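Undergrad:
Numbering (my numbering), first residue to last: 6 to 220.
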């Protein structure tokens, strides 16, 4: 199982590095980047399908790559950390390769997540709990509203984002690093102490890398 996970994430990392390299050596040509983005999305769907095959909702707990505790709100909100990590990493590459496609991909993620959360509120992860069902339903509606806002005002929001002060960029980098760190900790079935150590280290690395990329 561990070997399968190593091969899976190593393969995904190679895909991202190859995509970034192709964009760089083509001098970020618009036509090349657009075709590259489409190819990366298709590969993303394949990797997402493979990762979902190891979800605790589909396989026995001993064979799953992560756990879902329906008593924890974050586990309900992020029921598939593998898909989230795949999505965030690809979105980060798109933000460097093709910002227009990044907005389109973000719209897809928001709509897809809202659909899943609303569906889970009706059955599945709600586990017969009214509190869980209400939480998932509200979260699904929020994601649906974010999808509508991004669909209608995406370009304007992007222009506003470019004009934000540097401290807000740092805050966004910290938030992204925190989310990725939490996602990785969910995928690493280790002791609490090791999870905290690895998550904290990853958080610092991602945060400072984000700071270095700021203008």
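Think of the CB as a built atom: it goes at the ideal place given N, C-alpha and C, for glycine as much as any other residue.
Just so it is clear, the structure is predicted and the values come from calculations on it, not from any experiment.
#1: Using only the alpha-carbon positions, how far apart do residue 218 and residue 114 sit?
#2: With a 10 Å radius around its C-beta and 16 neighbouring C-beta atoms as the bar for buried, classify residue 119 as buried or exposed.
#3: Out of 185, 95, 105, state which residue places its alpha-carbon closest to the alpha-carbon of residue 164.
#4: For residue 39, which residues in the same chain have their Cβ closer than 8 Å to its Cβ, ignoring the five residues on either side in sequence?
#5: Quick one: measure Cβ to Cβ for residue 24 and residue 45, integer angstroms, because I've assumed they're closer than 8 Å.
#6: By the three-class DSSP mapping on this structure, what secondary structure does residue 118 have?
#7: Return helix, strand or coil for residue 71, following the three-state DSSP convention.
#8: Express the C-alpha separation of residue 94 and residue 70 in angstroms, rounding to a whole number.
#9: Specify the secondary structure class of residue 85 as computed by DSSP and reduced to three states.
#10: Under a Cβ-count criterion, where at least 16 other Cβ atoms within 10 Å of its own Cβ denotes burial, should residue 8 be classed as buried or exposed?
#11: Specify, as a first and last residue, the run of the alpha helix (DSSP H) that residue 160 falls within.
#12: Determine the DSSP secondary structure at residue 180, reduced to helix, strand or coil.
TA: Quick answer:
#1: In this prediction, residue 218 has a pLDDT of 48, which is less than 50 and means its spatial position is unreliable; what the coordinates show is noted afterwards. Straight-line Cα distance between these residues: approximately 24 Å.
#2: Label assigned to residue 119: buried.
#3: When the alpha-carbon of residue 164 is set against those of 185, 95, 105, the nearest one is in 105.
#4: Closer than 8 Å at the Cβ level, and outside the excluded window around residue 39, lie 103, 106.
#5: Yes, they are in contact, since the Cβ atoms of residue 24 and residue 45 sit about 5 Å apart, within 8 Å.
#6: The answer is helix: DSSP assigns residue 118 an H, G or I state.
#7: Three-state result, residue 71: coil.
#8: Separation of residue 70 and residue 94 (C-alpha to C-alpha, rounded to the nearest whole angstrom) is 18 Å.
#9: Coil at residue 85, not helix or strand.
#10: Answer is exposed; the Cβ neighbour count stays below 16.
#11: In the DSSP assignment, residue 160 falls within the unbroken alpha helix (DSSP H) covering 135-167.
#12: In the structure shown, residue 180 sits in a helix (DSSP, three-state: H, G or I).
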